[in-house]
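For any residue, its number in the numbering used here is found by taking its place in the sequence shown, counting from 1, and adding 257.
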Amino acid sequence: MNQLFDETYNDYRTIWYGYYEQFDQPDLIKEMLQIIENDKRMSEAQQAVSTSWVFYCKNLQGDALEEKVRGSIMVRLFDTHYSVHCNISDFEFVTQFDAIESWKKKLEAVLNNK
258 MNQLFDETYN DYRTIWYGYY EQFDQPDLIK EMLQIIENDK RMSEAQQAVS TSWVFYCKNL
318 QGDALEEKVR GSIMVRLFDT HYSVHCNISD FEFVTQFDAI ESWKKKLEAV LNNK
């Protein structure tokens with residue numbers, strides 16, 4: 258994945274990346290962990306209070322209103338705890354919710370070493 262933007266504002270750092278193929282692509286969690294660990298070292302050097310990562314999906318999907326939606330995975334590190342949130346299309350919600358939730362919980366557990 259290529260870094261798109263990196264911005265620090267009032268000790269809050271946000272880094273945007275593009276693009277992953279899909280949630281269940283092989284080694285996505287491993288690749289994200291490597292990126293996060295590398296960026297985390299930079300955040301500690303910059304003394305960021307919180308660091309957030311936004312990973313965008315390569316694919317656009319249509320929704321019921323015929324608008325295009327790009328999924329994203331967001332990770333936030335605050336006070337030594339990682340939180341993960343996924344933005345998905347309504348189609349993904351209907352057809353893949355359980356798989357995406359399971360994947361999200363796995364990523365969060367790996368990040369928090371649980």
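Cβ atoms here follow ideal geometry from the backbone N, Cα and C, with glycine treated the same way.
Give the single residue among Ser-359, Pro-283, Arg-333 whose Cα lies nearest to the Cα of Glu-294.
Arg-333
Do Lys-361 and Val-341 count as a contact pair if the criterion is CB distance below 8 Å?
For the pair Val-341 and Lys-361, the CB atoms are nearer than the 8 Å cut-off.
Give me the Cα-Cα distance between Lys-363 and Lys-287, rounded to the nearest whole angstrom.
11 Å
Assigned secondary structure, Thr-265 (DSSP; H/G/I helix, E/B strand, else coil):
Reduced to three states, the DSSP call for Thr-265 is strand.
Sort out for me which residues DSSP pairs Thr-271 with in a bridge.
Glu-264, Ser-309
Where the alpha helix (DSSP H) through Leu-368 begins and ends:
Where Leu-368 is concerned, the enclosing alpha helix (DSSP H) stretches over 347 to 368.
What separation, rounded to the nearest whole angstrom, lies between the Cα atoms of Asp-347 and Leu-317?
Each residue's CA atom was taken as its position, placing Asp-347 and Leu-317 some 12 Å apart.
Please name the residue, chosen from Ser-307, Tyr-277, Met-289, that lies closest to Arg-270 on a Cα-to-Cα basis.
Ser-307
Cys-343 to Gly-328 span [Cα, whole Å]:
Roughly 7 Å between the two C-alpha positions.
Report whether the distance from the Cβ of Asp-263 to the nearest heavy atom of the ligand SAM is below 7 Å.
For the structure depicted, the ligand SAM is absent and the ligand set is empty, with no information on it obtainable.
Exposure label - Phe-354; buried when at least 16 CB within 10 Å
exposed
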